[in-house]
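Asker:
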Ligand SMILES: NC(=O)c1ccc[n+]([C@@H]2O[C@H](COP(=O)([O-])OP(=O)(O)OC[C@H]3O[C@@H](n4cnc5c(N)ncnc54)[C@H](O)[C@@H]3O)[C@@H](O)[C@H]2O)c1
C-alpha cells in the first residue's frame, strides 16, 4: 500500500542506521535516543570520543539496538573518510544523517578572527555538504533515506553576540533548500530543524548567566525546551511519516520567533 493511503504509524520506518554528528550530547544525543527507541541503529560522531562511546553503550543497553561511538573532529577533512568506513562496517545499511554538532562564538563583531570564522563555518556548514556528498551511495541504495540539519532560530533572529553562528545557521537553511532540489532526483529528502532555547550543555552557561526567567518571558509556552522534544521531531522527519516533506524548515521553539512579548 502506498504511504498516502496507509495510515499505520511508521516512525521506525525505514529501519536503516542513522549517523548523528554531535551525537554525544544535547540535541544530537536526544535524537539518537529517539531513533533507537523505534529500533534504528545509531552512530554517534563527536569530538568527545569518550562521551560518544559512553552514549552509544548506554543506548544499546536501554534499547537493544546496534550502536557505534566515533571520536572525530568534523573540521578535519582527512578524518571524514575513515570514520565513514568504520561506521559502514559496523552499522550498514545506513539511511539517515543528522548534523547536530555545534559550537557558539560569543565575542560579537570585535571577537571575530579568521580562525574563529573557519571553526564556526567548518563545524556547522561544511560538514553538511561534504557528509551528504560522501553518503550518497548509502542513501541511493536505501529507499526512504533522509537528512536533518539542526539549524537554529538564530538563523532568522539577528543576534549581535554570535555573528559566525548566525551566519553558519542561515547558510544551513539555504544549503538545505539547494540540496533538496538535487537530492529529490534520487528520492532522498532533506529538511532543517530550528530549535529555540533548549536546555543542553551548550545553553547552560547562558541560563546561568542571565536572571531567572530571562529567556522564558519571551517564549509563548513560558519555558525552555527539553532535548527530547527536538529529538522526536528529528525522528519524525527521518521516517516515512514525513514522506512528502523536503526542503522545509521546521521551527521547534515553543513560540519564540513568533513572539511579541517583552
Ligand atoms: N541548545 C539550544 O538551545 C540550541 C538552539 C538552537 C540550535 N541548537 C543547535 O543544536 C545543535 C546541538 O546543540 P546542543 O545544544 O545539543 O549542544 P551540545 O553542546 O550539547 O552538543 C553539541 C555537540 O557537538 C560536538 N561538537 C562540537 N564541535 C565538534 C566538532 N568539530 N566535531 C565533532 N563534534 C563536535 C560537541 O562535543 C557536543 O557534544 C547545535 O548545532 C546547536 O547550534 C541548539
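In the working numbering, the protein residues as written are 425 to 686. Where a beta carbon is used, it is the ideal one built from N, C-alpha and C, also for glycine.
Identify the residues that DSSP records as bridge partners of residue 470: which are they?
Answerer: One-based indexing of the chain shown puts residue 470 at position 46. In the DSSP assignment, residue 470 forms a beta bridge with 495.
Asker: Residue ranges of each beta strand (DSSP E) run of no fewer than 3 residues wholly in the region 566-647, ordered along the chain?
Answerer: 570-574, 613-619
Asker: Determine, using beta carbons only, whether residue 450 and residue 625 come nearer to each other than 7 Å.
Answerer: Locating residue 450 in the chain shown gives position 26, where the first residue counts as 1. Locating residue 625 in the chain shown gives position 201, where the first residue counts as 1. Yes; because the gap between Cβ atoms is below 7 Å, this pair is in contact.
Asker: For a test of the three-state rule: what should DSSP assign to residue 518, helix, strand or coil?
Answerer: The residue labelled residue 518 in the question sits at position 94 within the chain shown. In the structure shown, residue 518 sits in a strand (DSSP, three-state: E or B).
Asker: Alpha carbons only, please: which of 589, 445, 659 is nearest the one belonging to residue 417?
Answerer: Past the edges of the chain, shown from 425 to 686, lies residue 417, and the structure says nothing about it.
Asker: Please tell me whether residue 568 and residue 664 are closer than 7 Å, where the distance is taken between their beta carbons.
Answerer: In the chain shown, counting from the first residue as 1, residue 568 sits at position 144. In the chain shown, counting from the first residue as 1, residue 664 sits at position 240. Yes, they are a contact pair.
Asker: Helix, strand or coil for residue 443, going by three-state DSSP, please let me know.
Answerer: On the chain shown, position 19 is the one that residue 443 refers to. If DSSP states are grouped into helix, strand and coil, residue 443 belongs with the strands.
Asker: Inspect the beta-carbon positions of residue 589 and residue 529 and report whether they are closer than 7 Å.
Answerer: Position 165 of the chain shown, counted from the first residue, corresponds to residue 589. Position 105 of the chain shown, counted from the first residue, corresponds to residue 529. Yes, these two residues count as a Cβ contact at 7 Å.
Asker: Give the straight-line distance between the Cα atoms of residue 425 and residue 436, rounded to the nearest whole angstrom.
Answerer: Position 1 of the chain shown, counted from the first residue, corresponds to residue 425. Position 12 of the chain shown, counted from the first residue, corresponds to residue 436. At residue 425, the pLDDT of 46 sits below 50, so the modelled position is not reliable and the matter cannot be decided from this model.
Asker: Between residue 655 and residue 458, is the Cβ-Cβ spacing less than 7 Å?
Answerer: Residue mapping note: residue 655 aligns to position 231 of the chain shown, counting from 1. Residue mapping note: residue 458 aligns to position 34 of the chain shown, counting from 1. Cβ atoms of residue 655 and residue 458: closer than 7 Å.
Asker: Where does the unbroken beta strand (DSSP E) through residue 676 begin, and where does it stop?
Answerer: Here residue 676 corresponds to residue number 252 of the chain shown, with the count starting at 1. Its beta strand (DSSP E) spans residues 673-676.
Asker: For ligand 1, I want to know if residue 449 counts as a neighbour, meaning its beta carbon is within less than 6 Å of at least one of the ligand's heavy atoms.
Answerer: The residue labelled residue 449 in the question sits at position 25 within the chain shown. Residue 449: yes, Cβ under 6 Å from ligand 1.
Asker: To the nearest angstrom, how far is the alpha carbon of residue 440 from that of residue 533?
Answerer: Position 16 of the chain shown, counted from the start, is the residue given in the question as residue 440. Position 109 of the chain shown, counted from the start, is the residue given in the question as residue 533. Between residue 440 and residue 533, the C-alpha separation is close to 43 Å.
Asker: Helix, strand or coil for residue 680? Go by DSSP, reduced to three states.
Answerer: By 1-based counting over the chain shown, the position of residue 680 is 256. Reduced to three states, the DSSP call for residue 680 is coil.
Asker: Pull up the CB-CB distance for residue 553 and residue 543, whole angstroms please, since I reckon it's below 8 Å.
Answerer: Position 129 of the chain shown holds residue 553. Position 119 of the chain shown holds residue 543. Not really, about 17 Å apart at Cβ, beyond 8 Å.
Asker: Just to confirm before moving on: does the CB-CB distance between residue 511 and residue 482 stay below 7 Å?
Answerer: By one-based count along the chain shown, residue 511 stands at place 87. By one-based count along the chain shown, residue 482 stands at place 58. Not a contact, by the Cβ cut-off of 7 Å.
Asker: Compute every distance between the C-beta of residue 489 and the non-hydrogen atoms of ligand 1, then say whether any falls below 6 Å.
Answerer: Walking along the chain shown from the start, residue 489 turns up at place 65. Residue 489 Cβ: outside cutoff for every heavy atom of ligand 1.
Asker: So, residue 576 versus residue 524, is the Cβ gap smaller than 7 Å?
Answerer: Start at 1 with the first residue of the chain shown, and residue 576 comes out as number 152. Start at 1 with the first residue of the chain shown, and residue 524 comes out as number 100. Result no, Cβ atoms of residue 576 and residue 524 do not sit closer than 7 Å.
Asker: Considering only the beta carbon of each residue, do residue 470 and residue 505 sit closer than 7 Å?
Answerer: Start at 1 with the first residue of the chain shown, and residue 470 comes out as number 46. Start at 1 with the first residue of the chain shown, and residue 505 comes out as number 81. Going by C-beta atoms, residue 470 is not nearer than 7 Å to residue 505.
Asker: Can you give me the C-alpha to C-alpha distance between residue 558 and residue 461, rounded to a whole angstrom?
Answerer: Stepping through the chain shown from its first residue, residue 558 is reached at position 134. Stepping through the chain shown from its first residue, residue 461 is reached at position 37. Near 27 Å, if we compare the C-alpha coordinates of residue 461 and residue 558.
Asker: In angstroms with no decimal places, state the Cα-to-Cα distance between residue 369 and residue 518.
Answerer: With the chain represented from 425 up to 686, any question about residue 369 goes unanswered, as that position is not in the structure.
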